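Accompanying notes for the structure given below.
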Amino acid sequence: MRIFSLFILTILLNVNFAGAAGSKIDIPKYDWSWKGFFGTYDRSAAQRGLKVYKEVCSGCHSMNLIAYRNLADLGFSEQQIKAIASESLVEDGPNEDGDMFEREAIPSDRFANPYPNDNAARAANNGAYPPDLSLIVKARPKGADYIHSLLLGYKDTPTDFKVPEGMWYNKYMEGHLIAMPAPLMDGAVEYDDGTEPTLEQLSSDVTTFLAWAAEPSLEHRKRLGIKVLLFLIALFILTYISKEKIWRDIKH
Amino acid sequence: MSENNKPRRDFIKLASMTLGGVGAASLVVPFISTMQPGKDALALASTEIDLSPIPEGQSLTVIWRGKPVFIKHRMTDEIQSAKEINLDDLIDIQDDSARVLQDKWLVVLGVCTHLGCVPLGQKTTDNKGDFGGWFCPCHGSHYDTSGRIRKGPAPKNLEVPPYVFLTDNRIKIG
Amino acid sequence: MSSNDPHGYKKTLSSPYSGVKGWIDSRLPLIRMMEAEYLKFPVPKSLNYFWSFGGIAMFCLIGLILSGIFLGMHYKPSAEDAFNSVERIMRDVQFGWLVRYLHMNLASFFFIAVYIHIFRALYFGSYKAPRELVFIFGMLMFLLMMGTAFLGYTLPWGQMSYWGATVITNLFSAIPVVGDAILLTLLGDFTVSDATVNRFYVLHWLLAFAIVGLVVFHVITLHMTGSNNPSGMEPQNWDETLSFHPYMTIKDTKAMVLFFIVVAFVLFFFPNIMGHSDNYIRANSMVTPAHIVPEWYFLPFYAILRAIPDKLGGVLAMFGSIAVLFILPWLDTSKVRSCLYRPIWRICVLLFALDFFILMYMGAKPASDIYVLISRIGTAYWFLFFLVLAPLVGYLETPRQPLTISNFLRDKKALT
């Protein structure tokens, strides 16, 4: 039995090695609303984050996997979603004459792309491709903590650090060099709900929005998870008692 | 001692088997749910259509849930012929007023109620059948200007999809 | 009746049941078989919870196939659509995220169960006569499992999918003369491409069902010999056995529920913990991720691959490390099965388990000097264990006399 427990413990402890080999940069941990067993996305933060994305990020970064209709998750009404969608133009067609045409986006459309294709995106950004942000929080180790840190990481360049042309210093970027100039600063976006748009606030709001975009099923998953765990624990207690009862008469 | 134990053991056994059974059965829900139309398909379940480009006497075919929808801008005589018939002559009795929201506009699913073919009659050159509406070439069902079945094997009138007028010239199907 | 049935062959037609049950059973003796093999089947009294992992692994396999069927209804095996179709499952398909995360995490837990299962076979000598074929079918399944897992990991078409597939398929190019031709045939293109993901999808299904087929053989061979047990001694009489039902069914169910509590905990609260974040980036044939690691269950073998400085040598060592398992029943010369009575071999086996974890750790580390050195020592021990220690310790060691199952249980009770 001792060997048994030891073996199982070791195997469980050893399973996640892939993450063990990370970088040496220390990413600070933040307290996000969606952490923990009962975590949910902070709706107003995510709504503000959408505004930050629309007014700042969407100039260069696409979000291919998100449709306007998905915004209903964040508490937007059908009318609001229609209004948000109609601010963007998408290509549709071909029409009866065989031509492609532009029209206002509707809720079932995906977020409009800032560039017609990847090469255009690269060409417009000194050859550095601005990644799609739909999954960015899941596509980086440390996820939301990393994105938030990166947005806050445009600190003063250390005196002995050389930054080449077209690059910027960022404390949390691997190698401390990033092709994206600081996107946010105090007051970069004006909030409708009166929240003070400090850099910290803008960054954490847009991170919340991006976290939701990467994993919209999180709340459903956690809610269901609690139920499934409670169910399994109840089932375990019953099978435990059953086992003791059935085995009681067996001479060991 | 053992006599006292017997019922409890049976209860426990029954309870674990019931709970286990419920657990296994509830696994069916997510699995079968995945087979239903996804959220993206459901999002396309309503379509908005601008009616202004359809001249009187002409029809437009739009796609809703992957099926053709016939939108017919009816002329006065077509409306009249749809309204002034003896309801008892119909196979599937339904008054024209129960099939339209505005007399000018008839909106029906372009799917024959016999076996699902798409009836002819949308183009001016098409065979519109004996009753001036639509004619299904598969098995010869004739529909009138209200999309009602008048002759042939189809059992029911052409289905009217759920729709509303958003403005006088704009409808939303679904 | 007997006159035209000289061999008594048709006797099997008479079923012990009556009514509808008897009618079916006399034509299709499944009910009889199930009763004999799963209800009344005698198993040693002394089995511990290590013996629950075979059943647990089987339930993992069932779960994987079920979830796979429903994923397959939405997944599109092409370079163009694969990544987005998986994301569509995660976002738009109702409960799609659950079925996808279930498939993803069950794959890992299947390996956890199987690794524990294999360790149990090593520790208690379950591979020895007369159970050699049980063990060999098990090893075949393990091999197919690795193949299935590798093919399956390619399908989401993320960066790790793509580059993992590239690196592993390139192993075949190490084969002299025909290597490159094999590689092209395997990929169906000059790189991992649309053609590759399409065929990998088909082969992923094929291998999964091949495993199911082997489960049947694994179980048939097991039921010919009966289960081994911690004492390693065969049951001497009926008193030392219990019927499979209800004793083992309830014991295994209890263990299984506990196992699936862990599965559910990971699945619902840390679904990506055993994955790699790079796989949420769409495959890009122009950019290799900075640090390629295979899934955790391949890490020990990946470490062995990298431990050998020669390309062909590394590939041979990696496949050899699994091949030696197949001949273990004949490499181990000891007549005593259980490690409990083999003091020296017991240490060797525990060291082997430790070696497995060390190699796993090394597989995740970058291939720098110190890690490669440790990987080499680990690889050396791996082969030493099978090729030298297994035969040698069998000769040199003086095992204690194993206890019969009854005495084993008495001793154990005295201890607690």
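Residue numbers (the working numbering), protein chains in the order written: chain A, 1 to 252; chain B, 253 to 426; chain C, 427 to 842. Think of the CB as a built atom: it goes at the ideal place given N, C-alpha and C, for glycine as much as any other residue. Source: prediction; values computed, not measured.
Identity of the residue in the options nearest residue i by Cα
{"i": "residue 703 of chain C", "options": "A/61, A/246, A/232 and A/215", "result": "A/215"}
{"i": "residue 26 of chain A", "options": "A/114, A/175, A/66 and A/244", "result": "A/175"}
{"i": "residue 578 of chain C", "options": "C/445, C/720 and C/834", "result": "C/720"}
{"i": "residue 482 of chain C", "options": "C/630, C/761, C/466 and C/544", "result": "C/544"}
{"i": "residue 126 of chain A", "options": "A/40, A/133, A/157 and A/60", "result": "A/60"}
{"i": "residue 286 of chain B", "options": "C/512, C/732, C/538 and C/789", "result": "C/512"}
{"i": "residue 692 of chain C", "options": "C/755, C/503, C/449 and C/535", "result": "C/535"}
{"i": "residue 178 of chain A", "options": "A/166, A/189, A/64 and A/185", "result": "A/166"}
{"i": "residue 539 of chain C", "options": "C/517, C/564, C/519 and C/555", "result": "C/564"}
{"i": "residue 223 of chain A", "options": "A/152, A/37 and A/29", "result": "A/37"}
{"i": "residue 690 of chain C", "options": "C/527, C/654 and C/615", "result": "C/527"}
{"i": "residue 645 of chain C", "options": "C/560, C/570 and C/475", "result": "C/560"}
{"i": "residue 228 of chain A", "options": "B/278, B/270, B/267 and B/264", "result": "B/278"}
{"i": "residue 395 of chain B", "options": "B/267, B/280, B/348 and B/307", "result": "B/348"}
{"i": "residue 199 of chain A", "options": "A/137, A/120 and A/56", "result": "A/56"}
{"i": "residue 630 of chain C", "options": "C/833, C/572 and C/712", "result": "C/572"}
{"i": "residue 190 of chain A", "options": "A/50, A/24 and A/31", "result": "A/50"}
Chain E contact residues for residue i, given Cβ-Cβ distances below 7 Å
{"i": "residue 140 of chain A", "result": "Here chain E cannot be found, since the structure's protein chains are A, B and C."}
Per DSSP, cross-strand counterpart(s) of residue i
{"i": "residue 359 of chain B", "result": "B/323"}
{"i": "residue 403 of chain B", "result": "B/394"}
{"i": "residue 584 of chain C", "result": "C/708"}
{"i": "residue 346 of chain B", "result": "DSSP, once it has assigned bridges, lists no residue as partnering residue 346 of chain B."}
{"i": "residue 315 of chain B", "result": "B/320"}
{"i": "residue 104 of chain A", "result": "A/89"}
{"i": "residue 425 of chain B", "result": "B/299 and B/415"}
{"i": "residue 384 of chain B", "result": "B/396"}
{"i": "residue 668 of chain C", "result": "C/469"}
Cβ separation of residue i and residue j, assumed to be a contact under 8 Å, to the nearest whole Å
{"i": "residue 552 of chain C", "j": "residue 829 of chain C", "result": "Actually they do not touch by this definition, with Cβ atoms about 17 Å apart."}
{"i": "residue 694 of chain C", "j": "residue 225 of chain A", "result": "3 Å"}
{"i": "residue 351 of chain B", "j": "residue 399 of chain B", "result": "7 Å"}
{"i": "residue 609 of chain C", "j": "residue 596 of chain C", "result": "7 Å"}
{"i": "residue 843 of chain C", "j": "residue 133 of chain A", "result": "Within the shown structure, residues of chain C are numbered from 427 to 842, placing residue 843 of chain C beyond reach of any answer."}
{"i": "residue 64 of chain A", "j": "residue 110 of chain A", "result": "6 Å"}
{"i": "residue 514 of chain C", "j": "residue 654 of chain C", "result": "Their Cβ separation, rounded to whole angstroms, is 47 Å, which puts residue 514 of chain C and residue 654 of chain C out of contact at 8 Å."}
{"i": "residue 413 of chain B", "j": "residue 361 of chain B", "result": "6 Å"}
Cα-Cα separation, residue i to residue j
{"i": "residue 21 of chain A", "j": "residue 666 of chain C", "result": "Confidence is the limiting factor: at residue 21 of chain A the pLDDT is only 46, short of 50, which leaves the residue's position unreliable, though a coordinate-based value still follows. Each residue's Cα considered, the two are about 50 Å apart."}
{"i": "residue 275 of chain B", "j": "residue 531 of chain C", "result": "19 Å"}
{"i": "residue 464 of chain C", "j": "residue 650 of chain C", "result": "13 Å"}
{"i": "residue 818 of chain C", "j": "residue 791 of chain C", "result": "33 Å"}
{"i": "residue 509 of chain C", "j": "residue 717 of chain C", "result": "21 Å"}
{"i": "residue 196 of chain A", "j": "residue 66 of chain A", "result": "27 Å"}
{"i": "residue 827 of chain C", "j": "residue 769 of chain C", "result": "12 Å"}
{"i": "residue 555 of chain C", "j": "residue 755 of chain C", "result": "7 Å"}
{"i": "residue 806 of chain C", "j": "residue 547 of chain C", "result": "22 Å"}
{"i": "residue 794 of chain C", "j": "residue 737 of chain C", "result": "17 Å"}
{"i": "residue 250 of chain A", "j": "residue 838 of chain C", "result": "14 Å"}
{"i": "residue 748 of chain C", "j": "residue 728 of chain C", "result": "12 Å"}
{"i": "residue 239 of chain A", "j": "residue 118 of chain A", "result": "56 Å"}
{"i": "residue 54 of chain A", "j": "residue 42 of chain A", "result": "18 Å"}
{"i": "residue 668 of chain C", "j": "residue 550 of chain C", "result": "20 Å"}
{"i": "residue 204 of chain A", "j": "residue 71 of chain A", "result": "18 Å"}
{"i": "residue 519 of chain C", "j": "residue 154 of chain A", "result": "40 Å"}
{"i": "residue 235 of chain A", "j": "residue 628 of chain C", "result": "38 Å"}
{"i": "residue 84 of chain A", "j": "residue 77 of chain A", "result": "11 Å"}
{"i": "residue 722 of chain C", "j": "residue 786 of chain C", "result": "7 Å"}
{"i": "residue 517 of chain C", "j": "residue 317 of chain B", "result": "20 Å"}
{"i": "residue 732 of chain C", "j": "residue 773 of chain C", "result": "27 Å"}
{"i": "residue 40 of chain A", "j": "residue 146 of chain A", "result": "19 Å"}
Worksheet item: Is there contact between the segment 317 to 332 of chain B and the segment 349 to 359 of chain B, where contact requires at least three CB pairs shorter than 8 Å?
Response: yes
Worksheet item: Given 8 Å as the limit, is there contact between the segment 792 to 803 of chain C and the segment 583 to 600 of chain C, that is, 3 or more CB pairs closer than that?
Response: no
Worksheet item: Is the number of C-beta pairs between the segment 511 to 531 of chain C and the segment 680 to 688 of chain C that are closer than 8 Å three or more?
Response: no
Worksheet item: Taking one C-beta from the segment 690 to 702 of chain C and one from the segment 496 to 515 of chain C each time, how about it: are there three or more such pairs within less than 8 Å?
Response: no
Worksheet item: Does the segment 633 to 645 of chain C come close enough to the segment 812 to 830 of chain C to have 3 or more Cβ pairs within less than 8 Å?
Response: no
Discussion item. Would you call the segment 151 to 164 of chain A in contact with the segment 42 to 52 of chain A, where contact means no fewer than 3 C-beta pairs closer than 8 Å?
Written reply: no
Discussion item. So, does the segment 411 to 424 of chain B touch the segment 296 to 304 of chain B, judging by three or more C-beta pairs under 8 Å?
Written reply: yes
Discussion item. Taking contact to mean 3 or more Cβ pairs, one atom from each stretch, closer than 8 Å, check whether the segment 304 to 323 of chain B and the segment 337 to 345 of chain B are in contact.
Written reply: no
Practice prompt. Could you say if the segment 358 to 366 of chain B and the segment 396 to 411 of chain B meet the contact criterion of at least three C-beta pairs nearer than 8 Å?
Written response: yes
Worksheet item: Can at least three beta-carbon pairs, one atom from the segment 86 to 93 of chain A and one from the segment 105 to 113 of chain A, be found at a separation below 8 Å?
Response: yes
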